[in-house]
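Working notes, beginning with the structure itself.
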Amino acid sequence: MKKDIYSPSDLESVDFDKDIGYPGKTPYTRGVYPSMYSKQLWTMRQYAGYGTSIETNKRFKYLLEQGQTGLSVAFDLPTQLGYDSDNSLCKGEVGKVGVSIDTLADIEDLFRDIPIEKISTSMTINSTAIIVLAMYIALAEKRGLPLESIRGTTQNDILKEYVARGTYIYPPKSSLKLILDIFQYCSSNMPKWNTISISGYHIREAGSNAVQELAFTLANGIEYVKLALASGLKIDDFAPRLSFFFSSSMDFFEEIAKFRAARWLWSDIITNRFHSKSDKSKRLRFHTQTSGASLTAQQPENNIVRVTLEALSAVLGGTQSLHTNSYDEALSLPTEKAVKIALRTQQMIGYETNIPSTVDPLGGSYFIENKTKEICTEVEKYLDIIEKQGGMVKAIESGYIQKEIQDNAYMLHENLHSKIDKQVGVNCFTEENNQDIKLLKVDPKNEVQQVEKLNKVKQDRNNQKVEICLANIKTAVKANDNLMQPIIDAVKEYATLEEIANILRKEYGEYTESIF
Amino acid sequence: MIDSLTNGVKNQEEYAIAKSITVLEDESNDLSVSLRKEIYKTNSQTYVLGITGSPGAGKSTLISSLVNHLDNQMKIGIISIDPSNKYSGGALLGDRIRMSNLFTKKNIFIRSMSNRGIFGGLNKSIFDVVQLFSFAKYDLVIVETIGVGQNEIDISEIADTVLVISAPESGDSIQIIKAGLMEIADIYVINKADLSGSDKMEFLLKDNIQTNTKNNWTPRIIKIQANSGKNVDGLLELTLEHKDFLTQNNQLFSRRKLLLQKNIRESVIKKVTNNYIDPKIQSKEFKDSIKNVTCGKISFDETVNNLVHEIEKDIKNEN
Amino acid sequence: MSKPIRVLIAKPGLDGHDRGAKIIARGLKDAGMEVIYTGIKQTPEKIARTALQEDIDVLGLSILSGAHNYLFPEIMRLLNENKDKEVLVIAGGIIPLSDYPALKEAGISEIFPPGSSIEEIASFIKNNVHSK
Chain A
-15 MKKDIYSPSD LESVDFDKDI GYPGKTPYTR GVYPSMYSKQ LWTMRQYAGY
35 GTSIETNKRF KYLLEQGQTG LSVAFDLPTQ LGYDSDNSLC KGEVGKVGVS
85 IDTLADIEDL FRDIPIEKIS TSMTINSTAI IVLAMYIALA EKRGLPLESI
135 RGTTQNDILK EYVARGTYIY PPKSSLKLIL DIFQYCSSNM PKWNTISISG
185 YHIREAGSNA VQELAFTLAN GIEYVKLALA SGLKIDDFAP RLSFFFSSSM
235 DFFEEIAKFR AARWLWSDII TNRFHSKSDK SKRLRFHTQT SGASLTAQQP
285 ENNIVRVTLE ALSAVLGGTQ SLHTNSYDEA LSLPTEKAVK IALRTQQMIG
335 YETNIPSTVD PLGGSYFIEN KTKEICTEVE KYLDIIEKQG GMVKAIESGY
385 IQKEIQDNAY MLHENLHSKI DKQVGVNCFT EENNQDIKLL KVDPKNEVQQ
435 VEKLNKVKQD RNNQKVEICL ANIKTAVKAN DNLMQPIIDA VKEYATLEEI
485 ANILRKEYGE YTESIF
Chain B
12 MIDSLTNGVK NQEEYAIAKS ITVLEDESND LSVSLRKEIY KTNSQTYVLG
62 ITGSPGAGKS TLISSLVNHL DNQMKIGIIS IDPSNKYSGG ALLGDRIRMS
112 NLFTKKNIFI RSMSNRGIFG GLNKSIFDVV QLFSFAKYDL VIVETIGVGQ
162 NEIDISEIAD TVLVISAPES GDSIQIIKAG LMEIADIYVI NKADLSGSDK
212 MEFLLKDNIQ TNTKNNWTPR IIKIQANSGK NVDGLLELTL EHKDFLTQNN
262 QLFSRRKLLL QKNIRESVIK KVTNNYIDPK IQSKEFKDSI KNVTCGKISF
312 DETVNNLVHE IEKDIKNEN
Chain C
134 MSKPIRVLIA KPGLDGHDRG AKIIARGLKD AGMEVIYTGI KQTPEKIART
184 ALQEDIDVLG LSILSGAHNY LFPEIMRLLN ENKDKEVLVI AGGIIPLSDY
234 PALKEAGISE IFPPGSSIEE IASFIKNNVH SK
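Protein chains in written order, with the numbering used here: chain A, -15 to 500; chain B, 12 to 330; chain C, 134 to 265.
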């Protein structure tokens, strides 16, 4: 229960060693590294991508020139759903919410003149993660780079797609098999690759509250760990490469407490449930994005301030990397100007405020510690409920998770319109004619160019070799073998994303939404 | 108007069928009387498959899977019924989500209906809609209802073959037995057969199975996986077996006559109540006379008899 | 009791952001309407066929993928092919103001940006559904 004032009595149930401790030590409540930002700032990583790979390549270079320290690729929906740009289902979608990728030729253009061995690249890709990662590996190998040097993350978190984001293709069981293939391949070939980014962001954006975001994300995490263990992997071989992704929204202190609680809970889960012996496995490292749902289409410049506050929560909560939203994103993809302001916002927090010089400056606050503990307790209640239902896959299949999220989303909507919750420019301090900003227009010609490029690649490649590679994938699917290598071989011959995805579609079937 | 509508339905034009359902659903619609007159003239009867079970058991998924196993030359009408909110009168009709792959199939017509607050059963308009599909010479009508409350009893009257579907995860079996679903099923379908608990469920259901005294059919049990289509062909065979059984025993469509009889009876009652009984009961005169009962001037039974006489007179006078 | 207004809430485009669509579906139900909800990734063909079979009064389109300038006119074209009756079409999602005129020209009656209330949408429907 929220109170006006917190005091030492609110810390009675909090034990310093068990609940708080020191940064860089279990239970990691205060941060995963001993010196946190005082030695090195978080990675400033703006999610970007639109149109063709050539266009996005320009945006990437621009961001790196502006002082961004990692790349984060947004893919368009056809790429995320395993369709090529010339599929009739994709009309109007090519290059819209991200960059369009059909073949390795697009990945080559996307990273042209960017030293991928020196930066880390994060990719928001899930159901087609294995194909896109294969293309990235093919690029590295073609450049003669050792895979051990390649750093980055594939989101690869399919479970949240079924409850919140919708870019699934295959049924859960087959999707999980693909994730496992990536785990196994990377654990022996790409030690610096984060194989999965277990994402609460989209669960939150779909309308859940902070506790639900955390509970459902950790429950997904538990499911992935169980999966990997069942396949014979050892906990401490893969757990250090698991990473997380959370939202930072407007309830300033609650968000900070949420991030701290997340670390405590994961450390506890990995230690007590999965019996890890390595501290590296127990560290919950996470990326944060400021909340898209908190942005308003009304008086869009106000969003700059919202993003600032949300970014500050993330930093005070100890994030490892951060994307700050652009002020125009409730209206369209961001312009270069808007993206620059968003990046500058992080840079100001990092370089001007002196906030990074102290690790977990709010540690010990009556309110923050009490709130952290409270969130842990609430999350554990949910985890129990999910466990009783037989785990997260069951809870998703029964619709329990979706229903919880939808109920909360509906409540938030009602609260906003009955003005229990306030939103400046939306239900108070409103103005007429309040959208007067310049927006990015994605050129519809991109779609035509992309299709032309795809046709050209198909003409120039050795189709006989492509056929052989595709047949090899099919054989591997039937034999239930690891698909990573056959897919790498195929993309090197410029097999298309859809050609590969279609083999899997045929063998695994397609999932359709079943719950409302 | 009515001619173009009925001709359209005869030609299986979707616009006409859709519009006609709207008319039949809405008793206040002036066209409904003449439309009903037309569609009940036909002798053609369409086989009706009823599917019921609790929410989440997999009814719509099963329909989708069943239809994919059938010849795509067959004209199939699917009626999917969800409850409406008794306060707002609104309804959220979400069954289509699980039938998305049927939306563009030329031979399939899907209509979502709410029970529009009429409790205690499938409303008469669903019977009318089934009749409409018969009139349009559809080959099959599938009616999907949720199995709570009294709805199931009606599906057994409207459908020639009733499938009761349940899934082990929801601990359905006890509910099914309690809710009386046991008595209406021609075939029990255990969905999600891959889940643990499906064997136990089968056992429990087998234990409670009884030969239907009405027609000597012993209900069958089958385990399937609706989402992957596993054993759906087996279910289809059982369904046809039941249909053949009905045909051989001259029982196919026989329930339809009984239902027609029942519906006519209910419509008569409703009409007489609205037009004759209620105006009398609600009249000031009658309300005043009630005190004569309480003070002993006239007996309860005499009051009833007097009222019946008056109503009889009214009806006679009107003719 | 008069016949309830029948609404189809459809999500064209490939995005899976159905939070808004589901809130609207639920809200319009509470406002006494019969709401048909068909899930994400609906093609224009699916939407038009559903509209025809369900004999709807209102079509609500929700999209966040940015493909509205192609998809909405395509949906309107197919709806008009139905020629059954005039359907009131409204839309919501991430749609820049500068796209409004062309979409309204194509036949979308009103566009509700994020932050619109259910009351607003329900009363727009009630005031405009029969005038169409």
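We treat Cβ as the ideally placed atom computed from N, Cα and C, and that holds for glycine. Here the structure is a predicted model, which means the values were calculated and not measured.
Beta-carbon of B/Phe130 versus every beta-carbon of chain C: anything under 8 Å?
Residue placement at B/Phe130 cannot be trusted, given a pLDDT of 44 that sits under 50; what the coordinates show is reported in the next sentence. By this cut-off, B/Phe130 is not an interface position.
I need the straight-line Cα distance from B/Pro179 to B/Glu24, nearest angstrom please.
Roughly 41 Å separates the two Cα atoms.
Please identify the residue among A/Tyr350, A/Gln64 and A/Glu239 whose C-alpha is closest to the C-alpha of A/Val299.
For the residues A/Tyr350, A/Gln64 and A/Glu239, the minimum Cα distance to A/Val299 belongs to A/Glu239.
When the Cα atoms are used, what is the spatial distance from B/Leu143 to B/Ala27?
In a straight line, the C-alpha of B/Leu143 is about 11 Å away from that of B/Ala27.
Beta-carbon contacts of A/Ser19 that lie in its chain and below 8 Å, excluding the five residues immediately before and after:
Taking C-beta separations shorter than 8 Å and ignoring five residues to either side along the sequence, the partners of A/Ser19 in its chain run Pro7, Gly8 and Val343, following chain order.
On a Cα-Cα basis, can you pick out the residue from B/Glu213, B/Arg267, B/Lys203 and B/Gly105 that is closest to B/Asp165?
Nearest of B/Glu213, B/Arg267, B/Lys203 and B/Gly105 to B/Asp165, Cα basis: B/Arg267.
Could you name the residues of the same chain whose beta carbon sits closer than 6 Å to that of B/Gly384, not counting the 5 residues immediately before and after it, in chain order?
Residue coverage of chain B in this structure runs from 12 to 330, which leaves residue 384 of chain B outside it and unanswerable.
Would you mind sorting B/Met85 into buried or exposed? The rule is 16 or more other CB atoms within 10 Å of its CB.
Sixteen is the threshold: since fewer than 16 other Cβ atoms of the shown chains lie within 10 Å of the Cβ of B/Met85, the residue is exposed.
Cut-off 6 Å between Cβ atoms - residues of its own chain near A/Ala118, not counting five sequence neighbours on either side
Sequence-distant partners of A/Ala118 (beyond 5 residues in either direction) whose C-beta falls short of 6 Å from its own C-beta, in its chain, are Ile471, Ile472 and Val475.
To the nearest angstrom, how far is the alpha carbon of B/Phe130 from that of A/Arg149?
Note that B/Phe130 scores 44 on pLDDT, short of 50, meaning its location in the model is unreliable; the coordinates nonetheless yield the value given after this. If you take the alpha carbons of B/Phe130 and A/Arg149, they lie about 38 Å apart.
Within 8 Å (strictly less), CB to CB, does A/Glu497 reach chain B?
Answer yes: the Cβ-Cβ gap between A/Glu497 and chain B drops below 8 Å somewhere.
Beta-carbon proximity list for A/Ser(-9), same chain, < 8 Å, skipping 5 on both sides
The beta carbon of A/Ser(-9) sits closer than 8 Å to those of Tyr350, all from its chain and outside the five residues before and after it, given in chain order.
Quick check on B/Met12: buried or exposed, where buried means 16 or more other Cβ atoms within 10 Å of its Cβ?
Taking a 10 Å sphere around the C-beta of B/Met12, we find fewer than 16 other C-beta atoms and assign the residue as exposed.
Consult DSSP for B/Asn167 and reduce its assignment to one of helix, strand or coil.
According to the sequence displayed, residue 167 of chain B carries Ser and not Asn. Three-state DSSP puts B/Ser167 in a helix.
I need the DSSP call for B/Thr172, collapsed to helix, strand or coil.
Strand at B/Thr172.
Can the beta-carbon of A/Asn537 be found less than 8 Å from the beta-carbon of A/Asp165?
Not covered by the structure: residue 537 of chain A. The range shown for chain A is -15 to 500.
Paired residues, beta bridge with B/Ile201 - DSSP
DSSP lists B/Ser177 and B/Lys234 as partners of B/Ile201.
Nonlocal neighbours in the same chain, by C-beta distance under 8 Å from A/Ser56, ignoring five residues either side:
These residues qualify, in order along the chain: Arg29, Gln30, Tyr31, Ala32, Thr105, Ser106, Met107, Thr108 and His307.
With DSSP collapsed to three states, give me the class of A/Val16.
A/Val16 carries a coil assignment under DSSP once its states are collapsed to helix, strand and coil.
Output needed in chain order: residues of the segment 125 to 155 of chain A with a Cβ under 9 Å from some Cβ in chain C.
Listed by position, the residues of the segment 125 to 155 of chain A near chain C (Cβ gap below 9 Å) are Glu145, Ala148, Arg149, Gly150, Thr151 and Tyr152.
Checking the sheet assignment: what are the DSSP bridge partners for A/Tyr311?
In the DSSP secondary-structure assignment, A/Tyr311 is not bridged to any residue.
What in chain B is Cβ-close to C/Met166, meaning under 7 Å?
For the C-beta of C/Met166, the chain B residues within less than 7 Å are, from N- to C-terminus, Gly101.
The segment 270 to 300 of chain B: positions lying closer than 9 Å to chain C by Cβ
Cβ contacts with chain C: none found.
Within chain B, the residues that A/Ser158 reaches when beta carbons sit closer than 8 Å
Going along chain B, no residue has its Cβ under 8 Å from A/Ser158, so there is no contact; the nearest lies around 11 Å.
Validate contact between the segment 56 to 67 of chain B and the segment 31 to 47 of chain B using beta carbons, cut 8 Å, 3 pairs:
By the Cβ test, the segment 56 to 67 of chain B is not in contact with the segment 31 to 47 of chain B, since fewer than three Cβ pairs between them sit closer than 8 Å.
Is A/Asn439 near the ligand GDP, with its Cβ less than 7 Å from a heavy atom?
The model depicted lacks the ligand GDP and carries no ligand whatsoever.
Per-residue burial, A/Ser275 [other beta carbons within 10 Å of its own, 16 or more giving buried]
It counts as buried.
First through last residue of the beta strand (DSSP E) which encompasses A/Met174
DSSP places A/Met174 outside any beta strand (DSSP E), giving it a letter other than H or E.
Using the three-state DSSP reduction, which class does C/Glu145 fall into: helix, strand or coil?
In the sequence on display, residue 145 of chain C carries Pro and not Glu. Three-state result, C/Pro145: strand.
Can you tell which of A/Ser262, A/Gly301 and A/Ser232 has the C-alpha that lies nearest to the C-alpha of A/Ser278?
Selection A/Ser262, A/Gly301 and A/Ser232 evaluated against A/Ser278 yields A/Ser232 as nearest (Cα-Cα).
Determine the extent of the beta strand (DSSP E) in which B/Val152 is found, giving its start and end residues.
First-last of the beta strand (DSSP E) with B/Val152: Leu151 to Ile157.
Alpha carbon of A/Ser171 to alpha carbon of C/Tyr170, nearest angstrom:
Their backbone Cα atoms lie some 43 Å apart in a straight line.
A/Pro11 versus A/Ala223: straight-line alpha-carbon distance, rounded:
In a straight line, the C-alpha of A/Pro11 is about 15 Å away from that of A/Ala223.
Selection of the segment 366 to 396 of chain A by Cβ proximity to chain B, strictly under 7 Å:
Residues of the segment 366 to 396 of chain A with a Cβ closer than 7 Å to any Cβ of chain B, in chain order: Ser382 and Gly383.
Report the option in A/Glu197, A/Phe59 and A/Asp444 whose CA atom is closest to the CA atom of A/Phe229.
Taking A/Phe229 as reference, the option from A/Glu197, A/Phe59 and A/Asp444 with the minimal CA-CA separation is A/Glu197.
One or two residues paired with A/His271 in a DSSP bridge
Answer is A/Phe229 and A/Ser305, bridged to A/His271.
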